[in-house]
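Residue numbers (this note's numbering): 1 to 333.
Idealized CB from N, CA, C, for every residue including glycine.
Notes to accompany the following structure.
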Ligand code: TRP
């Protein structure tokens, strides 16, 4: 809690691919709603992106794109602190200290580590293993009360709390214990082509994801190809993963309830439904893309914003790091 009585929120996204409507409807769109009520920090988790091999120019491009997209989506840099994780060196510094308060056994139990190392046996690097510790540093540096995360990051938030309590039990109340923030409405969007899986930045099938920068034709084409079923009935029910996903997307975009949507499309075919959803999504994206174009074409202005964000973030981060260094017994600089 800050002096103005507002709770602190922190979240971040790894710039390993393009932001898609899953990340937008499930996360970023909700962040916009929080900016007046909370003291918010949003980072681009670029250091986390290094755990996988990624072309350097691609990483830089993704990171800048994502930064501009945060703003284009309505996250106001005047009201929130927006920054690149790598610009605030305290993240890496705290991460090392926390490494020494994190057990090999508990990191070995992280399901994401197990999944990722099984999938990518060629590059099971130490960064992949200590990934949750850096994430804990991201959160604890800002004394965040709340962390909006998806289901897949819950375990990482749990370990963050465990590390923080362990540290606090030795040195006193140094860290705020963060809690998961679950938004009132947060849509879980699935892939259009494999609707049992989450729509993911790293999906190999590009028809499965709608990127925020996809143009209207691409959006419509991808929706036309979306996997459905053979019942030809727009109704949310078990076993209809594809249709359920399209209903969820349409509802998240238009604010209509599932029942309203079912009524709207009763007796109408899937073709028409897919087209309507595609158009609604394209309409949602168009103002974001407009704003994005302006932002990305003015690199100097963008730089000013992220430098300013890093300066502000550093101020808070440094307070926590100095305290930690003092508590553990390092000689003050
Ligand atoms: N690990 C998160 C993800 O892959 C991204 C992330 C990095 C994050 N640091 C964070 C999320 C801090 C919340 C808080 O989605």
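From this set, the options, which residue's C-alpha is nearest residue i's C-alpha?
i: residue 334; options: 73, 231, 274 and 175; result: No information on residue 334 is available, as it lies outside the stretch 1 to 333 that the chain covers here.
i: residue 28; options: 76, 120 and 222; result: 76
i: residue 96; options: 261, 259, 163 and 218; result: 163
i: residue 288; options: 323, 206 and 65; result: 65
i: residue 134; options: 148, 253, 194 and 89; result: 89
i: residue 343; options: 243, 330, 177 and 331; result: Nothing about residue 343 can be read from this structure; the chain reaches only from 1 to 333.
i: residue 34; options: 182, 290 and 245; result: 182
i: residue 229; options: 192, 86 and 216; result: 192
i: residue 242; options: 220, 198 and 221; result: 198
i: residue 172; options: 324, 12 and 15; result: 324
i: residue 278; options: 253, 294 and 202; result: 253
With a threshold of 7 Å (Cβ to nearest heavy atom), would residue i be considered close to the ligand TRP?
i: residue 335; result: What is shown of the chain runs 1 to 333, which leaves residue 335 out entirely.
i: residue 149; result: yes
i: residue 135; result: yes
i: residue 201; result: no
i: residue 87; result: no
i: residue 116; result: no
i: residue 92; result: no
i: residue 14; result: yes
i: residue 321; result: no
i: residue 45; result: yes
i: residue 146; result: no
i: residue 11; result: yes
Does the Cβ of residue i have 16 or more other Cβ atoms within 10 Å, making it buried, or fewer, making it exposed?
i: residue 105; result: exposed
I want to see whether chain D comes within less than 8 Å of residue i, judged by CB atoms only; does it?
i: residue 231; result: The displayed structure is made up of one protein chain only, and chain D is not part of it.
### Message
Suppose only complete runs of 4+ residues qualify. What are the alpha helix (DSSP H) ranges in the region 134 to 191, listed by chain order?
### Response
154 to 171
### Completely contained alpha helix (DSSP H) runs for the region 53 to 91, where each covers 4 or more residues
56 to 72
### Any alpha helix (DSSP H) of 4 or more consecutive residues that is wholly inside the region 242 to 286
258 to 264
### Message
Contact between the region 315 to 327 and the region 141 to 158 is defined here as three or more beta-carbon pairs at a separation below 8 Å; is this criterion met?
### Response
yes
### Query
With contact counted as at least three CB pairs below 8 Å, one residue from each stretch, are the region 256 to 272 and the region 290 to 301 in contact?
no
### Query
Are the region 243 to 253 and the region 45 to 61 touching by the rule of at least three beta carbon pairs closer than 8 Å?
no
### Message
Closer than 8 Å is the cut-off here; do at least three beta carbon pairs connect the region 213 to 220 with the region 147 to 158?
### Response
no
### Query
Between the region 305 to 315 and the region 227 to 241, are three or more C-beta pairs nearer than 8 Å?
no
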